[in-house]
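Data block below; observations after.
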Amino acid sequence: MNLSFRRLAIFAAILSCASIATAASQQLNLFIWSEYIEPQVVSDFEKKFDCKVVIDLYEDAESMLAKIQGGGVSLYDVVVPPDHMVPAMAKLNLLAPLNREHIPNFKNIEQTFLNPPYDSGNKFTVPYQWGTVGLFVRSAKGKTVPDSWSVIFDAKQQDGQFVLIDSVRDMVGAALKYKGYSLNSVNPKELKEVRDLIASAKQRSTGFDGSVGAKNKVMAKSARAAIVYSGEGVRGMTEDKETVYIIPKEGSQIWVDNLAILAQAPHKALAEEFVNYILDGKIGARISSFTQFASPNRAAMEFIKPEDLKNPAIYPSPAVKAKLEFLQDLGPKTRLYDEIWTQIKAK
Amino acid sequence: MSQSLTKPNRKTSLWPILSPALLWLIVFFVIPLTIIIAISFFSRGDYGEIQLPLTLENYKRLMGFGLLGFDSLYPAILWRSLVLGALTATVCVIAGLPLAFFIARLSPRWKNFALTLVVIPFWTNLLIRTYAWQILLSPESWLSRCAHTLTGGMSGESLYPSTFAVVVGMVCDFLPFLVLPLYASVEKIDWSLAEAASDLGANKLNVFRHAILPQIAAGLIAGTILVLLPAIGQFIIPDLLGGGKTVMLGNIIQQQFSQSRDWPFGSAICVVALTFVIMGLWVRAWCGEKPKELR
Amino acid sequence: MVRRKTEGVAMKQNSWRTTVIALLLFAFLYAPIAVVILYSFNEARFGTNWTGFTTKWYAALAQNSLALSASKNTLILALGSTSISTIFGTMLGYALDRFVFSGKRFLDRTLYLPIFIPDIVMAVALLLFYSLIRNWLGIFELGLKTMIIAHVTFQIPFVAIVVRARLSGLDPSLDEASRDLGANGWQTFWHVTFPLILPGILAGAMLAFTLSLDDFVVSFFTSGPGSTTLPIYIYSSVKRGVTPEINALSTLLVLASIIGTILLTLLQRKNSKQT
């Protein structure tokens, strides 16, 4: 009797362990923003390299970093951090240096995106997509949509519900630009001012959402305006003609997202193949056509639809570009942002 | 141990039975909690590392003395969590009392049916029941339109996201927790006491207060704590229905362990939440001491 | 209990007011469930406007490989954790009921802590614990295994308490009789006690299983690549505002729990009639 009971226990234990250990041998673990890669590109890669790609999603850069710090560094192979996050991740030894020899398609990268200030010599990263932060607004009949952050921050300009973006640097950056400050301000007085500004906007809003969620709320008509990334804005515009994506006149943020391989990536060789695959011109064009973000890939340009290349919402004009600013890593001062963000969220 | 022919010695055979679960709980529950308590005295590095020196800074911050000067923010959140928890429990009691009595008075056949109806939401995924309120309270839903007309059409105000939505969600999710233990004690009521009281000329309210309430007090307290404690520490419901506007304890803990990456501060909030729970359990044990079987 | 049926006190009858209140409360409890089922047939991709009847979201769901793998993970997690916690929890419940030992009262009380602790506290405690041990020993990579461990931890006390309640309701003379007839401890357990507490063990296992299916917070913090469960999938989809397929998925889950509950009630009724 005793024996059979024990056997039962052991059997149950083995059963539960065995069922877990049936993972494919070749696997790539990709940690990426939601709706940020064409599913078909992924399945083509799976076919070509006879492997399985496991995708986990995030909606904001800080949560991504938290997950990587909390154990993701040895679980995921490829991650897609935005520019300002790269120095911190490099300093925390979370990224593996890229072996350029295994990534021949690196040559496809547009000259202006090489050797960026956040990663000199492209030691850890290659650019994936770039874009801007702006407003996604459903236009009311007969009314012109003001091209200003005041849609969000000025109570008098409010016309219906709006959604804030659930990402500290993007949200605080928008408020700083509205006030005419730099996106990278570390002046406590300015930061306190925008903290109160965002906190009061929050009370009038429907809360915080990631870019994709915010876009969908405008699509669903449960909000009139939202802060989103350009790709979401353009995809929304294509689907619903009543909506527009606007880069506010006060200026905004321009960013570059990057492919990076994690320091303790379990499948480093496959990760390099993946990065190289993404940098292929045709593949890069397919991704950009899907995401509606801008491509930093020179070889992709000839495969991207001409109307996309001419679309100022995707590729802003030099005049608009002059008003855009990159985020920088603020080092120890990042704490100020984390603190006001916690306070904004808690208010 | 199986083949011993002598009478089983209770002392010796206890450990093989007790130790697996006990060890499991020590390793995966007691030690992690101890780690949380320890981490709450560490400092946060510039990029979210956990580092020395040991400090009381996290607790000070929780009391309101932060990086940018004094702010009553965190004390206010602690207070809000308690208030919303208590509000939820109160609404559940007000709603649960008639429901429990209603079920207890049904004929056995209907009683089983009604009990099953209470149990079904209890077995249904909380996440699903919670996000459904997003649909029910969205600006275009007829419920919102009714409310809109009733309140005289305040523009720009919506039912979701709001504190109201959070409380509605919590009451809906936790009501079965209260009704079930309460029903159990209503079932056991000795009605002759109520009869005697009303024969002696007590009015309805007095009969309830003096003859019925003492009999169901144990179930009521057990149920209230079953609602109160999960409500205070809720994360999903304020997250999905509060839209970042109604922030409770659980949300700032989550915030520290994700976006803000301040594990020591997050741990300090956990310690406070833990203290609330231990206090609640202490009250529960203290109240439940006498009528033990009623649990 | 049976005696008072004969009494005809007015307090024992439902007034129409109580009935109306009770019916409204039932409507309130079921409104969210009903709306999810209803909207799973709504044509609109975005928003809550009703644009027409469709079953296309169910068809889309069958093609959705993410939802399918999440279902698989959820089942592995629930079955794996329930089988471990049922065994350990039953042993713990048995020990707590049948043995007297020092510290028992304390253990008894502390057992409620894992039940009442906010799930987010438990989640981050385990996250911290795993990451410290990982840095030190290199084990506990986040994934299904760490999720199973986490689930077992919150399931054990529930199983123990349910089994214990069943045990304490048993007549102790049965044990004595068995011993007097010469059975040893194990034989008594296996032939006398076990069959009697089996309904309790099954009820505990059901509860543990449901708790595992229901859990989002603990899973979310202890999950790794590819170990997304249905609650995690539902949560992230809801956050992103893509709900029609999620409504269809939720409807299936709701139906599963309704059927499960009814089966369980019928089973219990049959059981209680037998004994």
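The listed protein sequences correspond, in order, to chains A, B and C.
If you're matching positions, the first sequence starts at 129 in the numbering used here and goes up one per residue.
If you're matching positions, the second sequence starts at 2 in the numbering used here and goes up one per residue.
If you're matching positions, the third sequence starts at 6 in the numbering used here and goes up one per residue.
From the three backbone atoms N, C-alpha and C, an ideal C-beta is built for every residue, glycine too.
**Asked** Between residue 74(B) and chain F, is there a C-beta pair that is closer than 8 Å?
**Response** Protein chains A, B and C are contained in the structure displayed, whereas chain F is not.
**Prompt:** Going by DSSP, which residues form a beta bridge with residue 371(A)?
**Reply:** DSSP output for residue 371(A) lists 266(A) as bridge partner(s).
**Beta-carbon gap between residue 398(A) and residue 204(A) smaller than 8 Å** = Against a cut-off of 8 Å, the Cβ pair of residue 204(A) and residue 398(A) comes out as no contact.
**Asked** Rounded to a whole number of angstroms, what is the C-alpha to C-alpha distance between residue 298(B) and residue 129(C)?
**Response** A query on residue 298(B) cannot be resolved here, the shown segment of chain B reaching from 2 to 296 and no further.
**Within chain C, partners of residue 102(B) - CB distance below 7 Å** = Within 7 Å of the CB of residue 102(B), the CB atoms of chain C belong to 23, in sequence order along the chain.
**Prompt:** Whose CA, out of 227(A), 159(A) and 348(A), lies closest to the CA of residue 266(A)?
**Reply:** When each option's Cα is compared against that of residue 266(A), the closest is 348(A).
**Asked** What does residue 255(B) reach in chain C if we use C-beta pairs closer than 7 Å?
**Response** The contacting residues are 125.
**Item:** Best match in 157(A), 169(A), 185(A) and 176(A) for proximity to residue 414(A) [C-alpha to C-alpha]
**Value:** Residue 414(A) has its Cα closest to that of 169(A), out of 157(A), 169(A), 185(A) and 176(A).
**Item:** chain C residues whose Cβ lies nearer than 7 Å to that of residue 21(B)
**Value:** Per Cβ cutoff of 7 Å: 93 and 96.
**Asked** Using the rule of at least 16 other Cβ atoms within 10 Å of the residue's Cβ for burial, across every protein chain shown, is residue 447(A) buried or exposed?
**Response** Residue 447(A) should be labelled exposed.
**Partner residues on chain A for residue 135(C), Cβ-Cβ distance less than 9 Å** = Within chain A, the residues near residue 135(C) are 198 and 199.
**Message:** In this structure, how does DSSP classify residue 243(B) when only helix, strand and coil are distinguished?
**Reply:** It is coil, neither helix nor strand.
**Asked** Since residue 114(C) meets chain B, which of its residues come closer than 8 Å, beta carbon to beta carbon?
**Response** Counting only Cβ-Cβ distances below 8 Å, residue 114(C) has contacts in chain B at 282 and 286, in chain order.
**Prompt:** Is there at least one Cβ from chain A nearer than 8 Å to residue 122(B)'s Cβ?
**Reply:** By this cut-off, residue 122(B) is not an interface position.
**Request:** Reducing DSSP to helix, strand and coil, say where residue 250(A) ends up.
**Result:** Reduced to three states, the DSSP call for residue 250(A) is helix.
**Asked** At what residues does the alpha helix (DSSP H) containing residue 44(C) begin and finish?
**Response** Counting along the chain, the alpha helix (DSSP H) containing residue 44(C) begins and ends at 21-44.
**Message:** Give me, in chain order, the residues of the same chain whose beta-carbon lies closer than 8 Å to that of residue 250(C); leave out the 5 immediate sequence neighbours on both sides.
**Reply:** Only 62, 65, 66, 69, 72 and 242 meet the Cβ criterion.
**Prompt:** For residue 45(B), which of helix, strand or coil comes out of DSSP?
**Reply:** Strand, per DSSP.
**Prompt:** Is the region 254-273 of chain A in contact with the region 351-371 of chain A, if contact means three or more CB pairs nearer than 8 Å?
**Reply:** With three or more CB-CB distances shorter than 8 Å, the region 254-273 of chain A counts as touching the region 351-371 of chain A.
**Request:** Could you work out which residue in 289(A), 362(A), 466(A) and 223(A) is closest to residue 387(A) when comparing CA atoms only?
**Result:** Of the candidates 289(A), 362(A), 466(A) and 223(A), the one whose C-alpha sits nearest the C-alpha of residue 387(A) is 223(A).
**Request:** Could you name the residues of chain C that residue 174(A) contacts, counting a contact when the two beta carbons are closer than 9 Å?
**Result:** Those do not exist, as residue 174(A) stays about 11 Å from chain C at its closest Cβ, beyond 9 Å.
**Asked** Is residue 264(B) helix, strand or coil when you go by DSSP?
**Response** Residue 264(B): helix per DSSP, three-state reduction.
**Close Cβ partners of residue 46(B) (< 6 Å) along its chain, the five nearest in sequence each way excluded** = Excluding positions up to five away in sequence, the list reads 52.
**Request:** Output yes if chain C places a C-beta closer than 8 Å to the C-beta of residue 373(A); else output no.
**Result:** No - not a single Cβ of chain C is within 8 Å of the one on residue 373(A).
**Message:** Here's the rule I'm using: 16 or more other beta-carbon atoms within 10 Å means buried, otherwise exposed. How should residue 147(B) be labelled?
**Reply:** So residue 147(B) counts as exposed.
**Prompt:** If you draw a straight line from the alpha carbon of residue 226(A) to that of residue 404(A), how long is it in whole angstroms?
**Reply:** Taken atom to atom, the span from the alpha-carbon of residue 226(A) to that of residue 404(A) is near 11 Å.
**Message:** Could you give the first and the last residue of the continuous alpha helix (DSSP H) run that contains residue 168(C)?
**Reply:** From DSSP, the alpha helix (DSSP H) with residue 168(C) extends over 149-173.
**Request:** Return yes when the C-beta of residue 251(B) is under 7 Å from any heavy atom of the ligand FMN, and no when it is not.
**Result:** The ligand FMN is not part of this structure, which contains no ligands at all.
**Request:** Please confirm whether residue 314(A) and residue 458(A) have their CB atoms less than 8 Å apart.
**Result:** Result yes, Cβ atoms of residue 314(A) and residue 458(A) sit closer than 8 Å.
**Message:** Give me the DSSP bridge partner(s) of residue 453(A).
**Reply:** Per DSSP, 381(A).
**Item:** Where residue 19(C) meets chain B, residues with beta-carbon distance less than 9 Å
**Value:** Neighbours of residue 19(C) in chain B, taken as residues at a C-beta separation under 9 Å, are given in chain order as 102, 103, 106 and 107.
**Prompt:** Taking 8 Å as the CB-CB limit, is residue 249(C) close to chain B?
**Reply:** By this cut-off, residue 249(C) is not an interface position.
**Request:** Measure how close the beta-carbons of residue 239(B) and residue 251(B) come, nearest whole angstrom, since I'm counting them as under 8 Å.
**Result:** Between residue 239(B) and residue 251(B) a beta carbon distance of about 7 Å is seen, short of the 8 Å cut, so the two are scored as contacting.
**Prompt:** Taking the beta strand (DSSP E) that residue 357(A) falls in, what are its first and last residues?
**Reply:** Run containing residue 357(A): 353-357, per the beta strand (DSSP E) assignment.
**Prompt:** Mind checking residue 150(A): buried by the 16 CB within 10 Å criterion, or exposed?
**Reply:** Confidence is the limiting factor: at residue 150(A) the pLDDT is only 46, short of 50, which leaves the residue's position unreliable, though a coordinate-based value still follows. Exposed is the call here.
**Asked** Taking 8 Å as the CB-CB limit, is residue 31(C) close to chain B?
**Response** By this cut-off, residue 31(C) is an interface position.
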